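S.K.: Please read through the structure below; I'll follow up with questions.
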Amino acid sequence: LEQLRQTLPLLAVDPYLRLDDSAWHSHSQQEQPLPELSDVLALLDREAGDLDLVGIYAAGPICRGFASSFGAFGWHQANSFNVDWSLFHENGQAVKANYAGQEWNSDNFTARLRQAREQLGFLGLPAVTLKPGSYRAYLAPSAMDEIAGMLCWGGFSAQALATGNSALQRLYNGDARLSPLVSFTEQVSGSLSPAFSDEGSPRLDVPLIQ
Numbered sequence: 001l002e003q004l005r006q007t008l009p010l011l012a013v014d015p016y017l018r019l020d021d022s023a024w025h026s027h028s029q030q031e032q033p034l035p036e037l038s039d040v041l042a043l044l045d046r047e048a049g050d051l052d053l054v055g056i057y058a059a060g061p062i063c064r065g066f067a068s069s070f071g072a073f074g075w076h077q078a079n080s081f082n083v084d085w086s087l088f089h090e091n092g093q094a095v096k097a098n099y100a101g102q103e104w105n106s107d108n109f110t111a112r113l114r115q116a117r118e119q120l121g122f123l124g125l126p127a128v129t130l131k132p133g134s135y136r137a138y139l140a141p142s143a144m145d146e147i148a149g150m151l152c153w154g155g156f157s158a159q160a161l162a163t164g165n166s167a168l169q170r171l172y173n174g175d176a177r178l179s180p181l182v183s184f185t186e187q188v189s190g191s192l193s194p195a196f197s198d199e200g201s202p203r204l205d206v207p208l209i210q
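Using this note's numbering, the letters of the sequence shown correspond one by one to residues 1 to 210.
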């Protein structure tokens with residue numbers, strides 16, 4: 001720190017650097033109870049002990065903090081869990097599943113395990129080759145999650161929209177529309193993400209698509 005203080009006066013002023021000099025305060029402590037590891041393993045053994053399963057389990061608090069010489073102070077802690085696993089069929093194919101969140105529910109986890117077991121049985125059925133054409137298709141919640149996640153790859157970026165490289169360019173230009181039932185919001189409040197940025201500015205909920 002002393003070396004940094006000595007170096008700072010020697011640096012030229014950056015005209016593009018804008019620091020938040022407000023003395024904001026943010027404190028969030030989300031301490032939802034997490035399951036015991038032994039209970040999770042026992043449930044896995046009971047529901048999937050006879051299957052070829054591989055996966056990871058992680059649980060615990062996520063902590064972020066920020067403080068500045070302007071008097072700003074932020075602290076964020078949120079408990080969460082994530083179980084990510086795959087069930088392998090004897091033909092080498094696999095069903096990927098996930099159960100994550102902040103409020104553990106053994107019944108919901110059991111239902112997710114049984115759903116993955118049911119899906120595993122479909123992998124043993126003969127493959128069906130579709131001919132070119134139009135088909136009605138059902139997208140599972142996990143598929144919609146993947147699609148929504150891809151929109152974050154520059155979809156809402158101001159730079160991508162300005163250069164025409166956004167996946168949502170036609171929507172932004174008014175050439176396409178989504179259903180009025182569809183909306184996207186970057187939700188900061190009550191989430192795993194802190195209500196302040198790495199650069200030291202407060203963050204609020206931001207409507208992205210209304």
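Positions of the beta carbon are idealized from the N, C-alpha and C atoms, including for glycine.
In this text, all values refer to a predicted model and were calculated from it rather than measured experimentally.
Using a Cβ-Cβ cutoff of less than 6 Å, which residues in the same chain neighbour L161 once the five nearest sequence positions on both sides are dropped?
M.R.: The answer, listed in chain order, is Y172.
S.K.: Taking the straight line between their C-alpha atoms, what separation do you get for G155 and L204?
M.R.: Each residue's alpha carbon lies about 19 Å from the other.
S.K.: Starting from the N-terminal side, write out each stretch of the beta strand (DSSP E) that is 3 residues or longer and does not extend beyond the stretch 74-136.
M.R.: Within the stretch 74-136, the complete beta strand (DSSP E) runs of at least 3 residues are 94-101.
S.K.: Please state the DSSP three-state secondary structure of G60.
M.R.: Note: G60 maps to strand in three-state DSSP.
S.K.: Using C-beta distances below 6 Å, list every residue in its chain close to Y99, excluding the 5 sequence neighbours before and after it, in chain order.
M.R.: Correct list, in chain order: V83, F109 and R112.
S.K.: Nearest-angstrom Cα distance between S189 and Q3?
M.R.: For S189 and Q3, the distance between alpha carbons rounds to 38 Å.
S.K.: Which runs of the alpha helix (DSSP H), 4 residues or longer, sit entirely within the stretch 135-184?
M.R.: As far as the stretch 135-184 is concerned, its whole alpha helix (DSSP H) runs of at least 4 residues are 141-151, 158-163 and 169-173.
S.K.: Could you tell me whether the Cβ atoms of Q169 and E103 are closer together than 8 Å?
M.R.: Not closer than 8 Å, so no.
S.K.: Three-state secondary structure (DSSP) at A214?
M.R.: The requested residue 214 is not part of the displayed model; the chain covers only 1 to 210.
S.K.: For the alpha helix (DSSP H) containing Q6, name the first residue and the last one.
M.R.: Start and end: E2 to T7.
S.K.: Bridge partners of V54, per DSSP?
M.R.: Bridge partners of V54: S86.
S.K.: Note down the Cα distance separating M150 from M144, rounded to an integer number of angstroms.
M.R.: Rounded to whole angstroms, M150 to M144 spans 10 Å at the Cα level.
S.K.: Give the DSSP-derived three-state secondary structure of S22 in the structure shown.
M.R.: Note: S22 maps to coil in three-state DSSP.
S.K.: Measure the beta-carbon distance from V54 to S86 and round it to whole angstroms, keeping in mind my assumption that it falls under 8 Å.
M.R.: With a Cβ gap of about 6 Å, V54 and S86 count as contacting.
S.K.: F66 to G133, Cα distance in whole Å?
M.R.: Between F66 and G133, the C-alpha separation is close to 54 Å.
S.K.: Among A94, A59, Q93 and P141, which one has its Cα closest to the Cα of S38?
M.R.: That would be A59, whose Cα lies nearest to the Cα of S38.
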